[in-house]
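*Asks:*
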Amino acid sequence: MAHRPSPARLLTATAATVAWLVTAGVEPARAQTLTVVAPAAPGGGWDQTARAMQRALRDVDPHGAVQVENVPGAAGTVGLARFVSAERGRPDALLVIGLVMVSGIATNGSAVSLADVTPIARLTGEHEVIVVPANSPFRTLKDLVNALARAPQSVSWGGGSAGGTDDLLARLLAEAVGVAPAAVNYVAFSGGGEALAAVLGGQVTAGVSGYGEFAQSIAAGQLIALASSAPVREPGIDVPTLRELGVPLDLANWRGVVAPPGISAAEQAALTARVRAMVRSPAWQETLQRTGWTDLYADGPAFRQFLLAEQARIVGVIERLQAGRAATPGGFTPSPATAPAAAAGLALALGALLAWQRRGSGTSVAASRGGHGRIAAVTVACLAQSLLMPVIGFIPTAAAVFATGAYALGSTRVLYNVVIGLTVASVLAAVFGAGLDVPLPMGVWTR
Amino acid sequence: MDPVNAFASLAEGFQLALSPANLGWGLLGVTLGTAVGVLPGIGPALTVALLLPATYGLDPTAAFIMFAGIYYGGMYGGSTTSILLNTPGESSTIVTAVEGYQMAKRGRAGAALATAAIGSFVAGTLGTVALTVSAPAMARVAIAFGPADYFALIVLAFVATASLLGSSRTAGLLSLAVGVVLGLIGIDRLSGDARLTFGVPYLLDGLDPTIVAIGLFAVGETLALAATPPGKSHVLPLERTRWMSASDWSRSWRPWLRGTLIGFPLGALPAGGAELPTLLSYAVEKRLTKYPEEFGHGAIEGVAGPEAANNASAAGTLVPLLTLGLPASATAAVLLAAFQQFGLQAGPLLFQNEPKFVWTLLASLYVGNVLLLLLNLPLVRLWVLLLRIPSPQLYAGILVVATVGAWSVHRSAGDVVALTVIGLIGYALRRADCPLAPVMIGVMLGPAADMHLRRALAVAEGDWSALVARPLAGGLLLITALVLVGPTLWRGLIRDRTATSRVP
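Each protein sequence line maps, in turn, to chains E and H.
Following the working numbering, the numbering of the first sequence begins with 22 at its first residue and continues without gaps.
Following the working numbering, the numbering of the second sequence begins with 75 at its first residue and continues without gaps.
#1: Cβ closer than 8 Å: which chain E residues qualify as neighbours of THR477/H?
#2: Is it buried or exposed for GLY341/H, if we count other Cβ within 10 angstroms and need 16 for buried?
#3: If you reduce the DSSP assignment to three classes, tell me which class LEU375/E lands in.
#4: Along chain E, which residues have their Cβ under 7 Å away from the Cβ of ILE261/H?
#5: Which residue's Cα is closest to the Cα of GLU349/H: ILE472/H, GLY152/H, ASP133/H, GLY273/H?
#6: Assign ARG346/E to one of three DSSP states: helix, strand, or coil.
#7: Between the Cα of GLY231/E and the Cα atoms of ARG341/E, GLY179/E, ALA204/E, which residue gives the shortest distance?
#8: Is the CB of VAL448/E under 8 Å away from at least one CB in chain H?
#9: For ILE441/E, which residues in chain H fall below 7 Å Cβ to Cβ?
#10: For the segment 360 to 368 of chain E against the segment 246 to 258 of chain H, do three or more pairs of beta-carbon atoms, one drawn from each stretch, fall closer than 8 Å, so that the two count as touching?
#11: Taking Cβ positions only, does ALA218/E come closer than 8 Å to chain H?
#12: Between ALA213/H, ARG455/H, LEU310/H, which has its C-alpha nearest LYS179/H's C-alpha?
#13: Under the three-state reduction of DSSP, which class applies to SER93/H: helix, strand or coil?
#14: Give the single residue among LEU135/E, MET463/E, TYR207/E whose Cα lies nearest to the Cα of GLY97/E.
#15: Spell out the partners DSSP gives TYR130/H in its beta bridges.
#16: Are there any heavy atoms of the ligand ATP lying less than 7 Å away from the beta-carbon of ARG341/E, as far as the coordinates show?
#17: Any beta-carbon of chain E closer than 8 Å to the one on TYR224/H?
#18: If you run the structure through DSSP and keep just helix, strand and coil, what is PRO464/H?
#19: Whole angstroms is fine: what's the gap from GLU265/E's alpha carbon to LEU190/E's?
#20: Have a look at ALA304/E and TRP314/E and give me their C-alpha separation to the nearest angstrom.
#21: Can you confirm whether the segment 143 to 150 of chain E touches the segment 314 to 329 of chain E when touching is taken to mean that 3 or more C-beta pairs between the two stretches lie within less than 8 Å?
#22: I'd like to confirm the pairing. Which residues does DSSP put opposite THR315/E in its beta bridges?
#23: Out of TRP99/H, ARG263/H, LEU120/H, point me to the one whose CA is closest to ILE285/H's CA.
#24: Could you give the residue range of the beta strand (DSSP E) that holds TYR207/E?
#25: Counting only C-beta atoms, is ASP279/H closer than 8 Å to chain E at any point?
#26: Just to confirm the assignment: which complete alpha helix (DSSP H) runs, minimum length 4, are found wholly within the segment 269 to 350 of chain H?
#27: Over what stretch of residues does the beta strand (DSSP E) that includes TRP178/E continue unbroken?
#28: GLN13/E: which of THR54/E, VAL133/E, ALA62/E sits nearest, CA to CA?
#29: Checking the sheet assignment: what are the DSSP bridge partners for LEU329/E?
#30: Along the chain, where does the alpha helix (DSSP H) that runs through LEU445/H open and close?
#31: Quick one: Cα of GLU340/E to Cα of VAL274/H, how far?
#32: Taking the alpha carbon of SER356/E as the point to measure from, which residue in GLY98/H, GLU381/H, MET525/H has its own alpha carbon closest?
#33: Return the chain-ordered ranges of every alpha helix (DSSP H) run that is complete within the segment 94 to 126 of chain H and spans a minimum of 4 residues.
#34: Could you check if SER427/H is buried or exposed, using at least 16 other CB atoms within 10 Å of its CB as the buried criterion?
#35: Closer than 9 Å between beta carbons: that is the criterion. Which residues of the segment 186 to 218 of chain E meet it against chain H?
#36: Fully enclosed by the segment 416 to 442 of chain E, which alpha helix (DSSP H) runs are 4 residues long or longer?
Encoded structure:
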């Protein structure tokens, strides 16, 4: 190895670059458009709602620009927290919310809640259906509920993720018939399709999901629909409602929109009017038709009331569920915390064992002189990129990563590497932006 | 599905796989795959992970045709580097580096490259035939698997992977445990509880497997090279070399077939991919050869057998991946993440729910093998040029691609931070001489094992005997116990064999 950059020099150079990049950075301005935040990754129900709104709002007002922003995470609570802090007082932003977010707020102990936003309107929803396989000993909801009341653990419920609509309905139903929500034997599957297989295969007693997931199997006679969670029978769905069967409960996987906190009453009214006009547009009606979403439109005081009541009952059931779980001792069954504790303990024990086995043998590859400094430089460059990319854009940060990386691997031609880095970054930006429709952040330079 | 039906489905698959667009994706895949196979340190697992965010908008069939091309291509390309550089391009071509490099040093690089490429083609094609026949049958059987069966299967995969890969069982198990910890981070799907998040909101959604793969393989590798920069390597010349002679052919064809027979079933077992079958094939060829004196000095059988074995095992690995959602290698683990990204459920229902996708993918594997043969033999000089890219610029470029790839998964800067931290973990594991494939398998299967276990117990109302009550689950757990105890015996056997004819 000929010349090797010293770690001290490297760190100084990296730190200087970072400092320059930070001072060069300015908060990027956002164009005057309506932003609809979907607190989920592209593809899911909230994202579809946001994009359908974008289409319909453009339909209503072709001159008003509308953009969709995805802030995924933790049943929407990450998006909610960001929305409350970052958009406060802005009358040009909407957040898509829904039932699962209410449950996420309760489960994750979120610091912000739906009391922190300005309600605008409830838009759509889907009701649930409770099914059993055709060969089940239970023929009616009453049979199932009796068994549940007698021995809650003997009735296993299959549905989607924990904390989702399916889980909530099973627990709310149990509470409504006098069974503690923590006693419900709910088996979560990754989606309706997987749950359907478990119900058909007789692995669980009953299934809970949106009507759409089970419709085909109900029509084919493989499943018996015992009850629907709609308040009144919906057209085309010939299933008795829970209320008809004497259980005072209805539940919809609803979705709505809210505005940031701190906007004036006039601004709230203007946003509500805009959403109301959107709901009447042909584009929105066409979306409802295509997706099979039920129109559950409500705004103003009615929506505010609904939101408060929904938050109260969902938070209530989840708190009782968590309290009940904590209180149940029982024999040893793995809790959610068992696997992480076991795996982490095993990793530590194996690490110690490996160190002991290798003591003095020098099996591990030692870093050569200055190795730690070079590792630190590469690490800092990557972290600096994550921080600075939104501010000064992808191309300069990527070029800095390239130059640091090449320097750390022994190339001392800094200027040459910066030029190559800029070229590589520009090509990547072009490929991602034009070729793949994933525009990389360009920072403050583009206005 | 009866054989006639399967044949009709495959024919339909060929029609779709041979459409200009899909042929284009396949060609792109095999080209990329060969390139990353040639470049040491970059493998198909990393490449597929890097491409995943970029293919979000693509039709899943097209994306998977490309990924499968990368997977198969990596197996072909790895041998070129092993033969000409004595550095394995992939972990599965370690043995090729022994005999292949010796052949190249004696001016027989052409013959070594040819027997590797043709052997890969033969084994890849035969392996794909075996995959086509066995996967639908396996899927039919697997439909009846319950949570207890899946749990037992995953435990077996864990133990097998950790025991058979890497320098020691402890190292393999450590990597696996690290992977399981990483995989368990986030909200638990069964209870909704947050696990191992330490109050960091970013961690609630868990680590994206794509980011773990990129961090381990791209950032970790770059950091390892930064710590101890490699010396200049010398690529052996290809000039004035001859392809295979008649005697080379007659000495190669049996090893090809034996390699296939060893590679496919071992690849199909959840035991960590291509390393074991290639080692085993090498040992078998060394035992059966008529020219034992050539072994260690460039015996063509020692290239032909292991190269066939690694391609056949690539096909074999797809059996548990497609029919059970069970990845047996790092690349398969990333492919499983790809299934999840596209909302496809790898498992017994895949053949029922997505017949067009599956059969087109299978057909594309045959097409890919032909493309790879055409791409590798005549164009080998072009691939060798890749080895002339200086490593500082090569890895700096990979680092940049890694950060942009990680960012584009969710368009979030937090992912780049996670990428860097996982890179440091990957570097630490490398320093400790721990294999990386078990980490990926732990990430993908750790949460699944936990979920199936708790699901099985929930359905059985907490009765632990349910885990062994079903014959399949009980049998698999018994095998697991044997694998756990057996290696001492097994290692003794292997040591015996290598002791009689030591590799130089």
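Ideal placement from N, C-alpha and C gives every residue a C-beta, glycine not left out.
These numbers were taken from a predicted model, which means no experiment stands behind them.
*Replies:* Walking through what the data contain:
#1: Under the 8 Å cutoff, chain E gives CYS403, GLN406, SER407, ALA419, VAL422.
#2: By the C-beta density criterion, GLY341/H is buried, having at least 16 other C-beta atoms within 10 angstroms.
#3: LEU375/E falls in the helix class under three-state DSSP.
#4: Those are ALA95, listed as they occur along chain E.
#5: Ranking ILE472/H, GLY152/H, ASP133/H, GLY273/H by Cα distance to GLU349/H puts GLY152/H first.
#6: Correct three-state label for ARG346/E: helix.
#7: The shortest Cα separation from GLY231/E among ARG341/E, GLY179/E, ALA204/E belongs to GLY179/E.
#8: Not closer than 8 Å to any Cβ of chain H, the Cβ of VAL448/E fails to qualify, so no.
#9: Within chain H, the residues whose beta carbon sits less than 7 Å from that of ILE441/E are GLN467, listed in sequence order.
#10: Yes, they touch.
#11: Interface residue, yes.
#12: Closest by alpha carbon: LEU310/H.
#13: Coil at SER93/H, not helix or strand.
#14: If we check each option's Cα against that of GLY97/E, LEU135/E comes out closest.
#15: DSSP, once it has assigned bridges, lists no residue as partnering TYR130/H.
#16: With respect to the ligand ATP, the structure shown offers nothing to examine, as it has no ligands at all.
#17: TYR224/H does not count as touching chain E.
#18: Reduced to three states, the DSSP call for PRO464/H is coil.
#19: Here the alpha carbon of GLU265/E sits roughly 16 Å from the alpha carbon of LEU190/E.
#20: Looking at the two C-alpha atoms, the distance is approximately 14 Å.
#21: Three or more Cβ pairs closer than 8 Å define a contact, and the segment 314 to 329 of chain E meets that threshold against the segment 143 to 150 of chain E.
#22: Paired residue(s): GLY146/E.
#23: Considering only alpha carbons, the answer is LEU120/H.
#24: In this chain, the beta strand (DSSP E) harbouring TYR207/E covers 206 to 209.
#25: With 8 Å as the cut-off, ASP279/H counts as an interface residue toward chain E.
#26: Entirely contained in the segment 269 to 350 of chain H, the alpha helix (DSSP H) runs reaching 4 residues are, in chain order, 283 to 288, 294 to 301, 320 to 342.
#27: Note, TRP178/E: beta strand (DSSP E), 177 to 180.
#28: Nothing about residue 13/E can be reported from this structure: the residues present for chain E run from 22 to 468 only.
#29: Under DSSP, LEU329/E takes part in no beta bridge, so it has no partner.
#30: Segment 429 to 450, the alpha helix (DSSP H) holding LEU445/H.
#31: Rounded to whole angstroms, GLU340/E to VAL274/H spans 22 Å at the Cα level.
#32: Put simply, of GLY98/H, GLU381/H, MET525/H the residue whose alpha carbon is nearest the alpha carbon of SER356/E is MET525/H.
#33: Whole alpha helix (DSSP H) segments, 4+ residues: 94 to 112.
#34: What sits at residue 427/H in the sequence shown is Asn, not Ser. Taking a 10 Å sphere around the C-beta of ASN427/H, we find fewer than 16 other C-beta atoms and assign the residue as exposed.
#35: Residues of the segment 186 to 218 of chain E with a C-beta atom less than 9 Å from some C-beta of chain H are ASP188, ASN206, TYR207, VAL208, ALA209, PHE210, SER211, GLY212, GLY214, GLU215, ALA218, listed in chain order.
#36: Taking 4 residues as the shortest admissible run, the segment 416 to 442 of chain E contains no complete alpha helix (DSSP H) segment at all.
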